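Read through the structure below, which is laid out as structure tokens, and then see the notes.
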Amino acid sequence: MEPSVRERAANTSASYPSQSNSGVYTHQLPTAAEGIAAPLDAASAAELHSAASIGAAIPLEGKQQLQQQLQQQKQLQQKQQQQQQQQKQPRHQQQRMTHAAAAASAAAPPSGAAATSATATAAAAATATARAAAAAAAAAITP
Numbered sequence: 001m002e003p004s005v006r007e008r009a010a011n012t013s014a015s016y017p018s019q020s021n022s023g024v025y026t027h028q029l030p031t032a033a034e035g036i037a038a039p040l041d042a043a044s045a046a047e048l049h050s051a052a053s054i055g056a057a058i059p060l061e062g063k064q065q066l067q068q069q070l071q072q073q074k075q076l077q078q079k080q081q082q083q084q085q086q087q088k089q090p091r092h093q094q095q096r097m098t099h100a101a102a103a104a105s106a107a108a109p110p111s112g113a114a115a116t117s118a119t120a121t122a123a124a125a126a127t128a129t130a131r132a133a134a135a136a137a138a139a140a141i142t143p
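Take a look at the structure:
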């Protein structure tokens with residue numbers, strides 16, 4: 001004799017996870033505590049232990065190294081800023097000296113060859129100073 005509909009339904013619900021009327025799967029999966037995680041073999045356990053002990057030692061050393069690198073970067077940035085400021089200063093000084101030489105030549109009345117040579121000497125000195133400052137700035141830029 002065939003099983004009745006009720007008997008088949010009882011057997012089916014006992015052997016399969018339950019489903020609600022909406023068709024959503026409601027069976028709960030077992031947790032790791034219930035045995036889903038495979039036990040570790042001795043080599044894996046030793047590897048995890050050594051990785052954990054290395055990982056525990058890294059933060060102090062790594063933190064110190066990072067702090068040193070950050071300090072070095074800050075010092076380098078400060079040096080670069082100082083060099084940039086020093087490079088800007090000679091340019092301003094060059095411009096001032098050039099303007100001063102131009103003003104001196106404009107203010108000096110042309111009274112002969114002596115005045116002209118004095119003005120030319122002042123202009124040559126300003127130009128030489130400007131070239132020296134530019135060379136020093138170029139040397140500071142080049143590593």
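Take the sequence shown: its letter number 4 is residue 4 in the UniProt record's numbering, and every next letter is one higher.
For each residue, glycine too, the CB sits at the ideal point set by N, CA and C.
All values reported here derive from a predicted model rather than from experimental measurement.
In this structure, the straight-line span from the alpha carbon of residue 8 to that of residue 2 is close to 10 Å. Closest in alpha carbon position to residue 86, among 69, 6, 5 and 133, is 133. DSSP, read as helix, strand or coil, puts residue 7 in helix. Residue environment for residue 135: exposed (fewer than 16 other C-beta atoms within 10 angstroms of its C-beta). In terms of Cβ geometry, residue 83 and residue 140 form a close pair [threshold 8 Å]. Take the alpha-carbon of residue 72 and the one of residue 81: they are about 14 Å apart.
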